[in-house]
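Visitor: Please read through the structure below; I'll follow up with questions.
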Amino acid sequence: NSNTYVKRKGQLNMREVQAMQSIKEHTTMPVPDIYSYRIDESNSFIEMERIAVITLKECIAQSRIKADHIQRIAKQLNDYIQQMR
């Protein structure tokens, strides 16, 4: 499904799931919804919402962003950092 992303890695752990859930519950940061997960030695995965994005670096490189927008983005990033403290 193009709206779903499944992350599979040998080193997944419950802390990653808990961190995503906590950030989603306690901040305004955009975090994908977690649909399901399994953390064990043989088959670990997190099935989550796929969020289509373009990185800030790509926007700047492609001149798709104006200077005043960069200032707003910097302010928003600072706000996210403050929420995590």
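Following the UniProt record's numbering, the numbering of the sequence shown begins with 1 at its first residue and continues without gaps. Just so you know, even glycine gets a beta-carbon here, dropped at the ideal spot from N, CA and C.
1. Measure the alpha-carbon distance for asparagine 43 versus glutamine 11 and round it to whole angstroms.
2. Where does isoleucine 60 land, buried or exposed, given buried means 16+ other C-beta within 10 angstroms?
3. Check the DSSP bridge columns for serine 36 and list the partner residues they point to.
4. Quick check: is the beta carbon of arginine 8 nearer than 8 Å to any beta carbon in chain D?
5. Going by the DSSP bridge assignment, what does residue 105 pair with across the sheet?
6. Assuming valine 6 and glutamate 47 form a contact by the criterion Cβ under 8 Å, report the distance between their Cβ atoms to the nearest whole angstrom.
7. Are the Cβ atoms of isoleucine 34 and glutamine 21 separated by less than 8 Å?
8. Where does valine 6 fall in DSSP's three states?
Guide: Based on what the coordinates show:
1. 10 Å
2. exposed
3. Glu47
4. In the structure shown, chain D does not exist; there is a single protein chain.
5. Only positions 1 to 85 of the chain appear in this structure, which leaves residue 105 out of reach.
6. 5 Å
7. yes
8. When secondary structure is reduced to three states using DSSP, valine 6 falls in the strand class.
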